[in-house]
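1102 is the number of the first residue of the sequence shown in my numbering; add one for each residue after it. Ideal Cβ positions, reconstructed from N, Cα and C, are used throughout, including at glycine.
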Amino acid sequence: MCIHGVTVSGLRVPTWIAGGLLLLCLALPVIAAEPTFADLLAKAEAESAAGRRWEPPGDNLADTVIALFQLAPAATSQQLAAFSALLERDRKAQQQLMQQLQQQQVPAVAPPAAEPPSAGLVAPPTAPPAPPPAPEPPSANLEPPSAVIPAPPPAPPRPVVRLPDAHAAELLARGQDAERSGDISGARRFYASAAERGNAVAARDLGRLYDPAYLGRTVIGGIDADPAAARHWYQRAAELGDREAAPLLQALSAR
């Protein structure tokens, strides 16, 4: 029986095998290109405007911000400025939301309603006022009035700290394990997810992993520092009530 074939790289291959290889090549899926910093920034703008901060999975601002921080070294200065402006707007929106929630928890005291005047009644004429009594002479035995002690000023209201959810503690622990094993990129992702869910320690630790001073002491090359990202997460940790974040933020600004 004669089997026709074609020559591929110097080898004689039967025609039916060559046809199958051609169909297999045509059926391979086209690998989608990775999204750029500009694509993710536009996606983050849309998610912030729609209010999708943590949900739904795969299309929320928290996950997109983590991806943007990973691509930050390849972004232009204009793109980084737009990214910083987006983070600042999101931070102010969260502060306004917390203030509104705090105001809703304090019930407003309505002033007493004034009694309506009685209809059809005429006030009787008032008598002329009596002359004031003559002042009595001062007595030598009168004691001076006691000094009035002013009341202490009220204590300032304590800042409202958002409590982290139950999943944030697990994300923090996984980030600490990744950092101890040397996986700084993985630790950043876990810390960012926990910080977006209200964990102050995770926000502070994430700021350290972007702080040039901390990375220079503990990490051996391969990890880029980002002072702007470090400042953002230190501020977030301070807003969430972490006491160690403020000195770290001051030291970063002084450098």
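Determine the extent of the alpha helix (DSSP H) in which residue i is found, giving its start and end residues.
i, result
"tyrosine 1311", "It is not in any alpha helix (DSSP H) - tyrosine 1311 carries neither H nor E in the DSSP assignment."
"glutamate 1345", "Neither: glutamate 1345 is in no alpha helix (DSSP H) and is coded neither H nor E."
"isoleucine 1324", "Counting along the chain, isoleucine 1324 falls outside any alpha helix (DSSP H), and DSSP gives it neither H nor E."
"arginine 1298", "Here arginine 1298 belongs to no alpha helix (DSSP H), and DSSP marks it neither H nor E."
"glycine 1276", "1267-1281"
Applying the criterion that 16 or more other CB atoms from any shown protein chain within 10 Å of the CB defines a buried residue, is residue i buried or exposed?
i, result
"arginine 1337", "buried"
"valine 1262", "For valine 1262, the predicted structure reports a pLDDT of 47, less than 50, and the residue's modelled location is therefore unreliable. A value from the coordinates is still provided. Result: exposed."
"histidine 1333", "buried"
"arginine 1281", "exposed"
"aspartate 1160", "exposed"
"arginine 1309", "buried"
"alanine 1134", "exposed"
"alanine 1194", "exposed"
"arginine 1318", "exposed"
"arginine 1356", "exposed"
Is the CB-CB distance between residue i and residue j below 9 Å?
i, j, result
"alanine 1173", "leucine 1181", "yes"
"valine 1305", "alanine 1330", "In the sequence on display, residue 1305 carries arginine and not valine. Cβ distance not < 9 Å, so arginine 1305 and alanine 1330 don't count as in contact."
"arginine 1154", "glutamate 1271", "no"
"glutamate 1340", "arginine 1192", "yes"
"serine 1286", "glutamine 1171", "yes"
"alanine 1288", "alanine 1279", "yes"
"phenylalanine 1184", "leucine 1169", "yes"
"aspartate 1312", "leucine 1349", "yes"
"aspartate 1343", "alanine 1274", "no"
"alanine 1352", "valine 1166", "no"
"leucine 1187", "glutamate 1146", "yes"
"alanine 1295", "glycine 1283", "no"
"alanine 1303", "alanine 1269", "yes"
Please confirm if residue i has its CB atom under 9 Å from at least one CB of chain C.
i, result
"aspartate 1284", "Any reference to chain C falls outside this structure, which holds one protein chain only."
Is the closest heavy atom of the ligand ZN to the C-beta of residue i under 8 Å?
i, result
"isoleucine 1285", "The model depicted lacks the ligand ZN and carries no ligand whatsoever."
Length at least 4, wholly inside the stretch 1123-1181: the alpha helix (DSSP H) runs in chain order: Complete alpha helix (DSSP H) runs here, min 4: 1138-1151 and 1162-1172.
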